[in-house]
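Protein chains in written order, with the numbering used here: chain L, 899 to 1139; chain E, 899 to 1139.
Ideal Cβ positions, reconstructed from N, Cα and C, are used throughout, including at glycine.
Below: one structure, written as structure tokens.
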DNA sequence: CGGATTAAGTTGTAGGATGATATGTATCAC
DNA sequence: GTGATACATATCATCCTACAACTTAATCCG
């Protein structure tokens, strides 16, 4: 009867695992908004862990706006609109369908980011964008460092928009994608693809230098579509869902 | 010497308050990436709370990818790119500058959402969008319920894109904005503004019915700009940052 | 000097106790 | 009979103690 979290997977701390389990229950509809969670003691018994562990897990879910705990009553599931944070389930990204959709979101954000950056960038922005470009096209282009530089390039563009929210969102989305395709990129960097990738970045940079929002947007869009293609992801067209 | 969190504010649980304090230290640069946090015992002494409270706070920060804890060594601040969640500081939204930027991000997301929805929606989507529209233009238009319906209208459009990430992000951004301007809307709903607002929604809906992405995008953009204006927020133009 | 062992420091988990809050039920007063 | 009050119960919130597990540094021994 004591599962001791044997079926939950990962090697993380117990609170993290309990939180992940409960989170899945909520996201999957097993626990609907308004539903009351088992008491802390019951969860403690169920998972074969101390109540402290359960409380740490519940603290995490509370911080995310997934549940609310009321003293003397219990903990209740909140509606999705009450969320206090956005998270992306990396497990879900193993499904190509989901990866396509995340790339689509990334394309929306980055195309506009590039346009805004072209309109708003200063010389200091161009300098840092160029530095990242140089780094990703230099000696590191065959190593993991080039991925860092690649993402830095994108973050610097987002920073040039002068909108920290855009920067935060783009950074987050890029990192989630990066963690999901990390292995594939490292395994076999193809010579031609790397050069094409760099070429696309150069075109984005040139549009930024020219201060041409439309050109920057188009170049970035083409790049994201191309980048997705290179990892086997086809962006859905407007007509496809 | 025991602050007992007297200067931290809010009436929330102690772990939440400790987490908020540490989070601010990290975001403000007081604690840089790579920096080691005080030990759990030190934090416990500093804030005058039990170690359990500190651990719950740390569990929250770990879940957010803000810190990593290593057994036997301590807890360390991670780089912003390692974040596992996006959060928006509601306190920061009291600054009009930040609100402008968040509205700008919202405009980016929603304009594209409307375009995609126009291209991809089915009859069931139109039905639920219409239902939300009816609700916000009916008897509830002068009450808080109209805000719920308003946001539901936007979420249903995002749902029609068939991209759950778009839906999640839009829902989140809308709710953060909503919580920050909640009081202002309730205090004094102006007759003309409500009618204008509904009119804008009707135009968006009509573009969706017509399956016209460009018209939907334009109508949504105009609406978001207008909605921001109605709460005293001017969206930055492309040239402004 | 190098390897093994021990000690110290820190996080991770368990278990117990008490305080605080919310709700339901029983009792009392009018 | 109805409303107010008191009490009991359930549950979360916090505190405390103890030990396990891990990491690093110090010490010991060949």
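Assign residue i to one of two classes, buried (16 or more other C-beta atoms within 10 Å of its C-beta) or exposed (fewer than that).
i	result
residue 1010 (chain L)	buried
residue 1021 (chain L)	exposed
residue 994 (chain L)	exposed
residue 947 (chain L)	buried
residue 971 (chain L)	exposed
residue 907 (chain E)	Note on residue 907 (chain E): pLDDT 33, under 50, position unreliable in the model; no value is reported.
residue 926 (chain E)	exposed
residue 1095 (chain L)	buried
residue 1108 (chain L)	exposed
residue 1127 (chain E)	exposed
residue 968 (chain E)	exposed
residue 1025 (chain E)	exposed
residue 1074 (chain L)	buried
residue 939 (chain L)	exposed
residue 1100 (chain L)	exposed
residue 929 (chain E)	buried
residue 1119 (chain L)	buried
residue 988 (chain L)	exposed
residue 1050 (chain L)	buried
residue 864 (chain E)	No statement about residue 864 (chain E) is possible, as the shown extent of chain E runs from 899 to 1139 and does not include it.
residue 1104 (chain L)	exposed
residue 1112 (chain L)	exposed
residue 949 (chain L)	exposed
residue 966 (chain E)	exposed
residue 1131 (chain L)	buried
residue 954 (chain E)	buried
With residue i as the anchor, note down where its alpha helix (DSSP H) starts and where it stops.
i	result
residue 916 (chain L)	912-925
residue 1017 (chain L)	994-1018
residue 940 (chain L)	938-945
Quick check on DSSP: helix, strand or coil for residue i?
i	result
residue 1082 (chain L)	Its pLDDT being 49, under 50, residue 1082 (chain L) is placed unreliably by the model, and the measurement read from it follows with that caveat. In the structure shown, residue 1082 (chain L) sits in a helix (DSSP, three-state: H, G or I).
residue 1073 (chain E)	helix
residue 965 (chain E)	strand
residue 1124 (chain L)	helix
residue 972 (chain E)	strand
residue 934 (chain E)	strand
residue 1102 (chain E)	helix
residue 1064 (chain E)	helix
residue 986 (chain E)	coil
residue 903 (chain E)	Unreliable positioning characterises residue 903 (chain E) in this predicted model, as indicated by a pLDDT of 45, which lies under 50. A coordinate reading is not provided.
residue 1025 (chain L)	helix
residue 955 (chain E)	helix
residue 979 (chain E)	helix
residue 928 (chain L)	coil
residue 1134 (chain E)	coil
residue 1110 (chain L)	coil
residue 1092 (chain E)	helix
residue 908 (chain E)	Because the pLDDT of residue 908 (chain E) is 37, which lies under 50, any placement of that residue in the model is unreliable, and the question is left without a value.
Discussion item. Which runs of the alpha helix (DSSP H) at least 4 residues long sit entirely within the segment 1027-1061 of chain L? Give them in chain order.
Written reply: Counting whole runs of 4 or more residues, the segment 1027-1061 of chain L contains the alpha helix (DSSP H) stretches 1043-1058.
Worksheet item: Is there contact here, the segment 974-981 of chain L with the segment 970-980 of chain E, by at least three beta-carbon pairs under 8 Å?
Response: The answer is no - the segment 970-980 of chain E does not touch the segment 974-981 of chain L, with fewer than three Cβ pairs under 8 Å.
Discussion item. Using 8 Å as the cut-off, can you tell me whether the segment 911-928 of chain E makes contact with the segment 909-927 of chain L, which would need three or more C-beta pairs spanning the two stretches below that distance?
Written reply: No, they do not touch.
Worksheet item: If you pair each beta-carbon of the segment 1011-1030 of chain L with each one of the segment 1048-1062 of chain L, do three or more pairs fall below 8 Å?
Response: Here the segment 1011-1030 of chain L makes contact with the segment 1048-1062 of chain L; the two share three or more CB pairs at distances below 8 Å.
Discussion item. For the pair the segment 977-993 of chain E and the segment 1069-1081 of chain L, tell me if three or more CB-CB distances fall below 8 Å.
Written reply: Contact check between the segment 977-993 of chain E and the segment 1069-1081 of chain L: three or more CB pairs, one atom from each, fall below 8 Å, which counts as touching.
Discussion item. Can you confirm whether the segment 1024-1037 of chain E touches the segment 1091-1098 of chain L when touching is taken to mean that 3 or more C-beta pairs between the two stretches lie within less than 8 Å?
Written reply: In short, these stretches do not touch, since the Cβ pair count stays below three.
Worksheet entry | Inter-stretch contact (C-beta, 8 Å, three-pair minimum) for the segment 928-936 of chain E and the segment 997-1009 of chain E | The segment 928-936 of chain E vs the segment 997-1009 of chain E: no contact.
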